[in-house]
Each structure stands twice: as C-alpha cells, then as structure tokens.
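**Q** Right, I'll just put the structure down here and ask away after.
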Amino acid sequence: MTKAKYGAIDQIGYLVDDLDASIQRWIDLMGVGPWTVFRNVSLNGQYHGQQGIVTMDVALAYQGDVQIELIKITNETPSPYRDARGAPILGVHHIAWVVPDLDSVVARATADGLKVAFAASNPGTKVAYMEADNEPGVLFEFIESPATRAMIDEGIVIAKTWDGSNPVHIIDFAG
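Using the working numbering, read the sequence shown as starting at 3 and increasing by one per residue.
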C-alpha cells in the first residue's frame, strides 16, 4: 500500500531556454518521444497575489508512465517560471499530479503546510503551483483537466510503441 497522498506522479516539468533544441536533445540523448508541442499557450492567474497572463510554448512526451514537460516562457510577466529579478529559471522545475477536484486538493495540501504560489487557468485547465518552506527549488503542481488526463493516458500508450518516426507534432494556439 502506498502512502502517496495524491497518487503516482504524472509529470516532471523542466524550464528551458530553447524548446526545439531541448526536444532534440531528449530525442537524441534519451530516446524520449514522440513530442506534442503547444505553441502560444496562455495562463491567466495570480502569482504571489499579483494578477497576470503568462505565455509559453510547451512540449510533452512520455517516459514510462510519467509525462515529461518542457516549458519555454515567452513573456516577462512575473510567474513561477522567473526568479525574483525576473530572469527565466532553467532546469527541473516541478512535479505534478492531475487531480479530479483542484479546490479540494489545494485545501488538503494547504492544511498540510503547502502554500499556493501560482493559481491559474485557461479554457481547458486549472492549475495550482504550491511550495513548501522547507523544500526550496521545487514546486508541486496540481492540474484539474479531464483533457490532460486523457492526453497523458493516450500519450503513455503511444510512447511505448514509438518507432522514432514523426518525432514532433505542433499545435499552435495563436490567432
């Protein structure tokens, strides 16, 4: 029996400075793919109480049952993707769980001592990044999105039989 409060980790997120180059490195060095790239994603939210819209490009692939997320921030809005000076953060950023009810999970995590750093949404997703005072350098993200759950489940199956062809599929939300 597991004591993991939120189940198995669904995602590990990385912040990168060049999304296309990072995707290629993951393919070449680790054999991870295929990748789905979402260009011009936006999240409307609050970061430490400050309202803003964050824009980014995101790439998703799978290693076993875990989604690998690469994020390239494309605007300068204060967010959990930038440091206190406003410079982009790079490297391992968060671990995440897809949950059926974000509000109840955030309430539970808050009761356990986590604090909401960033709460945001777009038409298909609600997220909360939470932080722990005694666990610097990593955020805990909770995602409420039936579409994300379905995408992860489908992506895991596809990745297990990927033959290396068609390594990148792009979806652009611009316009």
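Built from N, CA and C at the ideal position, the CB exists for glycine as well.
Within a Cβ cutoff of 6 Å, which residues of the same chain sit near T112, ignoring the five residues on either side of it in sequence?
**A** Taken in chain order, the list of residues that qualify is empty.
**Q** Let me know the secondary structure DSSP gives P169 once reduced to three states.
**A** Here P169 sits in coil by DSSP.
**Q** Measure the Cβ-Cβ separation of P90 and D22 and say whether it is below 8 Å.
**A** Not closer than 8 Å, so no.
**Q** Compute the beta-carbon to beta-carbon distance between G157 and L62, rounded to the nearest angstrom, for a pair I have assumed lies under 8 Å.
**A** Their Cβ separation, rounded to whole angstroms, is 7 Å, which keeps G157 and L62 in contact under 8 Å.
**Q** Among P138, E78 and A130, which residue has its Cα nearest to the Cα of V94?
**A** Closest by alpha carbon: P138.
**Q** Go ahead and pull the three-state DSSP assignment for W164.
**A** In the structure shown, W164 sits in coil (DSSP, three-state: anything other than H, G, I, E or B).
**Q** Per DSSP, which residues does P90 bridge with? Please list them.
**A** According to DSSP, P90 bridges with R84.
**Q** In the DSSP output, which residue or residues are listed as bridge partners for G15?
**A** In DSSP, G15 forms a bridge with E71 and H96.
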